[in-house]
Amino acid sequence: MPGLLSPVAIREAFREPWRGRSCAAVRRAGEADSTITDTGSPTVHRQAAPLYIDRLRKMLATPRVRKTDVDSIVFEAESRRQEAAAPAATKLGTVKGVFVPTLQNIMGIILFVRVPFIVGQAGILEGLGIIWLSCATALLTAVSMSAVATNGRPRSGGCYAMVKNSLGAQFGGVTGALLFLSNTFGVAMYVLGCVEVLQLSFPATFGDLPMRVLGAIILTGLAVIVFVGVEYVARFAVLFLFGVLLAVAAIWAGVIVHSVGDGKPRQGIVGVSGENMRRNLMSEYKEKAGVEWSFKACLALFFPAVTDPLAGSNLSGDLKDPQASIPPGTIAAVIVTTIVFSIQVVVVAGGAVRRDALIEFPLDDFPRVPRFVVKDLAWPHEMIVVVGVLLSTLGAGLQSLAGAPRLLAALGKDDLVPILRHFAPSDGAEPRKAILFCASLSMCLVMVGDLNAVAPFITLWFLTCYAIINIACAYLGYEKHPSFRPTYRLFKWQVSLVGCCVCFFIMFYTQPLSALGALAAAGLLYKYIETQPGASAHTAHGESELPIFEREPESPSNTDKGSDSETETMCVSPAHRTGPSDWRSGSRFKTARTAMLALEEGDLQFKYWRPFVLFLCAIDGDANYVRQRGMLDALAQLVRRGKGLALVNGVVVDEVAEPSLRKARKARRRLRALLRDRGVQGFADVVVAPSHEEGRKLLLQAKGLGYFRPNTVALGWPTDNNKRDARGFLRTMDDTTAMLKTLLVFAGDRDFPGAKDPPLRGRVDVWMVFDLFPAAGLLLLIPFLLLRDDKWKHCELRLIIVSPRTDAGKEDDGKLEEAVKSMLKAGGVLAKVLVLRLGEEDAPRFARDDSLLTPTRQPSVRTRAKLTRGSSLTAEEEFILSEEFSSQPLPPEPPTPVSPPSPMRRIDSTGKTKLTVLLKEHSGSSELVLIRLPPQKREQPPQEWMVSVDRLIEGLRRVILIRESGAEKVQFFQ
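Sequential numbering of the sequence shown, starting at 1, is according to full-length UniProt numbering.
#1: Taking the C-alpha atoms as reference points, what is the distance between residue 945 and residue 936?
#2: Give the secondary structure of residue 1032 by DSSP, where H, G and I count as helix, E and B as strand, and everything else as coil.
#3: For the beta strand (DSSP E) holding residue 764, just list the boundary residues, first then last.
#4: By alpha-carbon positions, which one of 824, 149, 650 ends up nearest to residue 777?
#5: With 16 other CB atoms within 10 Å as the buried threshold, where does residue 596 fall?
#6: I'd like to confirm the pairing. Which residues does DSSP put opposite residue 649 in its beta bridges?
#7: Hey, is the segment 712-723 in contact with the segment 620-634, meaning 3+ C-beta pairs nearer than 8 Å?
#8: To the nearest angstrom, report how far apart residue 169 and residue 114 are at their CA atoms.
#9: Which whole-angstrom value describes the C-beta separation of residue 458 and residue 182, a residue pair presumed to lie in contact below a C-beta threshold of 8 Å?
#10: Looking at residue 408: is its Cβ nearer than 8 Å to the Cβ of residue 180?
#11: Report the start-end ranges of each alpha helix (DSSP H) in the segment 408-485 that is 4 residues or longer and not cut off at the edges.
#12: Suppose you measure from the CA of residue 600 to the CA of residue 329; what does that come to, to the nearest Å?
#13: Identify which residue in 750, 356, 952 has its Cα closest to the Cα of residue 267.
#14: Put residue 292 into one of helix, strand or coil per three-state DSSP.
#15: Give me, in chain order, the residues of the same chain whose beta-carbon lies closer than 7 Å to that of residue 654; leave out the 5 immediate sequence neighbours on both sides.
#16: Measure the CB-CB distance between residue 733 and residue 588 and report whether it falls below 8 Å.
#17: What does a CB cutoff of less than 6 Å around residue 928 pick up in its chain, not counting 5 residues either side in sequence?
#18: CA-CA distance, residue 250 and residue 281?
#19: Just verifying my parser: in three-state terms, what is the DSSP assignment at residue 287?
#20: Answer yes or no: do residue 742 and residue 711 have a C-beta to C-beta separation smaller than 8 Å?
#21: Check the C-beta distance from residue 172 over to residue 190 and give it rounded, since I have them as a contact under 8 Å.
#22: Check whether the Cβ of residue 343 lies closer than 7 Å to any heavy atom of the ligand FMN, and answer yes or no.
#23: From the DSSP secondary-structure annotation, give me the bridge partner or partners of residue 716.
#24: Would you mind working out which of 420, 642, 245, 836 sits nearest residue 112, comparing C-alpha positions?
#25: Taking DSSP's pairing of strands, which residues face residue 625 in a bridge?
#26: Looking at the unbroken beta strand (DSSP E) that takes in residue 962, where does it start and where does it end?
#27: Does the segment 206-225 come close enough to the segment 455-471 to have 3 or more Cβ pairs within less than 8 Å?
#28: What's the gap between the Cα of residue 484 and the Cα of residue 421?
#29: Assess contact between the segment 118-132 and the segment 487-502, defined as three or more Cβ pairs (one per stretch) separated by less than 8 Å. Is contact present?
#30: Taking the beta carbon of residue 681 as the centre, do at least 16 other beta carbons fall within 10 Å, making it buried, or is it exposed?
#31: Quick check: the Cα distance between residue 513 and residue 507, rounded to an integer number of angstroms?
#32: Just the C-alpha distance for residue 195 and residue 204, rounded to the nearest angstrom, thanks.
#33: Note down the Cα distance separating residue 286 from residue 447, rounded to an integer number of angstroms.
#34: Here's a check: name, in chain order, each residue in its chain whose Cβ is nearer than 7 Å to the Cβ of residue 297, leaving out the five neighbours to either side.
#35: Determine the DSSP secondary structure at residue 610, reduced to helix, strand or coil.
#36: Below 8 Å on the Cβ atoms is my contact criterion, and I expect residue 482 with residue 150 to pass it. Report the Cβ-Cβ distance as a whole number of Å.
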């Protein structure tokens, strides 16, 4: 008989070929996965399996299986399986499932052994302050936890799983780690408390036995019980609580009896009286057991008593209705225990016992163990209290020792902390490795031998955990996150905020340095989990997010022979495996939205210019990125140091259809992975277009949002002479300039340095030929940003100015050099300056000529010099700059276009232009050269223009060619 389909069966089905065989694989997996025992209902088996198979068959027939569809089937299948496997009679209600465990964990060793001592030191008033402050913290956290529990349907896994599902894997992982430490320290506290009770109650038997030895024996016994029979721990929970309630009743009965009778004056028990309450009303802190007691010391000692209002949440998988049971059960238990603690402070300790008896240390061999006062108060017999306290400590110790290993195993199984994988058990097995580890760690803490030393650390871990839960709920509630929808009507984000503030106050008030350390450790763990792949498999508001499944062609080796149709397989989308679902996503969206709406035209120009680069990369026929001389590394360095953004976009040449779109998605995923690997701060995208030219034109026009659009376009210089499309490349350049964007073309014989390459040492040369500071200074700003990166910081910046020949000679060269140095100093740039003279006829591609195919008219150098006023330039320096580069006025528009001589005609005896010779002579050994991209002359063939540029940059290591649009507005010089 086929079993009910489990999530494992559904996931296994997607590993099969998708056509036809998937449903058969699902059916086989359902039969093999016998998740229903004989006690289940056969009717459910027969009805459920065909239902899910039919739904999967319809789903697999669609072009793309959506994650939400798969997730809904998994959730429904798992819910049906759990409902059929667990009869309703075994489910727990509010009282037995939430109220009883919470009450048992709070009413523990601190109530019986330490509350009388705290009253003796702090008095009734401050004792009540300690009780109410601690219980208020627990109550506020219980409200936040109730919101978490009612945010969707809680599943099994306890508090850790609920926090992980509602607040995300990062918060869940940190909470789980803190709860693990808290429970491990709690085991030591309960064992040491049990030792104190035994030594105070039976001094003749256990008085001579060292506390550490007795504690080790008790802990070993608890570990054996948990190791071999953990299921019995939960069964005897009611018995343990009955012993605690019986002990409390015996104490209260003793107070009444001693108040009516004569009491035990010799033992300090006088019964409830106004006189005794008046004497115990105020605090009288005294040094005891080597400790200078104070309010904060007593608060740190008491707080572990209320550190587990989350105990009821740990049974979320065993509750009939977790959403209806957890909030009232937890809050009722906290309120009841608050009343019990208050009665213990005011009536029992403060009203019926003298102060000297409350702070007495009767055992000389154990000077840090106070008197067991409530034992002497008990009626009709003191052994009722002794047995009740022993049951309380042993029961709480067993629950903590059973819960801590499961938290550790869950962390390892979820792969949030890879080092904990070793503790993850196989499915259905007990976490025995985790039990041994927790028992060993608790044993080390028992060796401390002092309950007063262990208790404050429990306070620290629990408070850190509570603060994280409260602040997360407060943040999500304040942001009105759409996925955070708690139905608990008493929850308000202000309540969680107050709870967080109270937690932080107690932490820093009692142990400031330790609190800083705990928060730092929690923060580091959060960031560490955020970087782990396991965090991406778990999203907030869902236990486990399944991947998106897409169909991709199988490899030829896996294709069935003789098949007429294309065989495809279901594969996990790699993009879905990266990037954890973050609780801050809503805030990020709101911040980005507000910033985008506030952005105005001109905000990204002038003084606040940032490199916003659109890199038009190449994509081959296999949807792979075509490597282009390390351009991604150069972009990463430029964008990172300029605090800018990069858009790496490619084009798949094809008609818009399902196969081409699937190929584009594959290329986009690979580009994203490549950007993460190279550290490029930006985004990747791939579009489908009939041609590269059309696709790039689409990207140039459409990329950006509002005023937030790329101001720079980057291209790689085509190196394959046989395949490069000169005409298409020039059209892309002209489209870039027409759209008023600066163009950067990366070329050269060597790759730009990557993350694994050593830093470069040498020169970075900036060539300014017949023009000073083209593109409003971008030709100098780009290397300035690169030199701030670790790969370029050891290089030296040099500015080479090629000026037209004059008759003045070296005298004018010196004046020009000084003027440029002053200008650089005004802009905060340290660079060497070299002035070269060259006739305009020797570099006609850079000469000012109206035959150039430029879409916009560039401003004169005299105009640029005027723009620098307000800097340190003098009037004489401005005149020198203007005369050097404006000695010949711009010619008027000719009536008819005249084709000038080809730039390639002015060559020397070696076949190279004179400017090419200068470049090779002065920058042949430079690590990077930046120069204006030579424009195309009228009627010059595109291929001839590309050959001329090839010859210009031939032999240079790395080159960035820049082409200005005429719209650059950069305030490079102050």
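Glycine residues also receive a C-beta, built at the ideal position from the N, C-alpha and C atoms.
Let's see:
#1: 6 Å
#2: The chain is shown only over 1 to 974; residue 1032 falls outside these bounds and no answer can be derived.
#3: Where residue 764 is concerned, the enclosing beta strand (DSSP E) stretches over 763-769.
#4: 824
#5: By the 16-neighbour rule on beta-carbons within 10 angstroms, residue 596 is exposed.
#6: 616, 685
#7: yes
#8: 37 Å
#9: With a beta-carbon spacing of about 6 Å, residue 458 and residue 182 fall inside the 8 Å limit used to define contacts.
#10: yes
#11: Runs found: 432-446, 451-479.
#12: 54 Å
#13: 356
#14: strand
#15: Contacts found: 660, 688.
#16: It is not a contact, given that the beta carbons lie outside the stated cut-off.
#17: So the list reads 764, 958, once near-sequence residues are dropped.
#18: 25 Å
#19: strand
#20: yes
#21: Not a contact, Cβ separation roughly 26 Å.
#22: The ligand FMN is not part of this structure, which contains no ligands at all.
#23: 746
#24: 245
#25: 619
#26: Run containing residue 962: 959-963, per the beta strand (DSSP E) assignment.
#27: Touching, no, given that fewer than three Cβ pairs across the two stretches are closer than 8 Å.
#28: 30 Å
#29: no
#30: exposed
#31: 9 Å
#32: 14 Å
#33: 27 Å
#34: 291
#35: coil
#36: At roughly 16 Å, the Cβ-Cβ gap does not stay under 8 Å, so residue 482 and residue 150 are not in contact.
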